[in-house]
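Read left to right, the sequence shown gives residues 1239 to 1391 (the numbering used here). In this text, a Cβ means the ideal position worked out from N, Cα and C, and glycines have one as well. Down below is the structure, laid out as structure tokens.
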Amino acid sequence: MNSRQFAKIAKRVGFWALIAVIMVYAVFPFYYAVITSLKPSSDLFRVELWPSNWNLDNYAQIFSQSSFVRAIFNSIIVAFSVVFIALLLGITASYALGRVRFRGRSTVLLVILGVSMFPQVAVLSGLFEVIRALNLYNNPAGLILSYTIFTLP
């Protein structure tokens, strides 16, 4: 084996070793969260990479609470609504702005670009006032409106 082949193999091995390290770094927190959720409450603060006794009581307890199931259901409804509305508005607006020639088209594109440069935090106080004025506070429709506003550019 000459030095060129050795360098090529070493480069490939180094690349895959780097990928493996990055994957472990990215996946380990999720693994540790799942392993910790399977521990009993008494073993919660003991650090083990592989717990000695598995326990599904935590999952049984959380799924037996009706408030958790209702919260998951509400989250699914809000998520699907936001995705549907954002896709509907985004696809129609992008088609109109990309294909249809009309007066003021470049102005609309520049306004969209300018608005997307604002940090989202700058919009929060105004958005809160709009949600309060529309009486959507503490309501799933308020969440859907605010998430849709932050999803679209």
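- ASP1295: member of the alpha helix (DSSP H) spanning 1295–1302, first to last residue.
- With distances taken between CA atoms, VAL1320 lies nearest to PRO1378 out of ILE1247, PRO1378, ARG1250, ASN1293.
- The DSSP-derived three-state label of GLU1286 is coil.
- Per DSSP, reduced to three states, the secondary structure at LEU1351 is helical.
- Contact between THR1274 and LEU1282 is confirmed by a C-beta separation of about 7 Å, below the 8 Å threshold.
- Rounded to whole angstroms, the Cβ separation of ALA1324 and LEU1390 is 6 Å, and the two are in contact under 8 Å.
- Nearest to TYR1270 by C-alpha distance, out of VAL1285, SER1354, ILE1369, is VAL1285.
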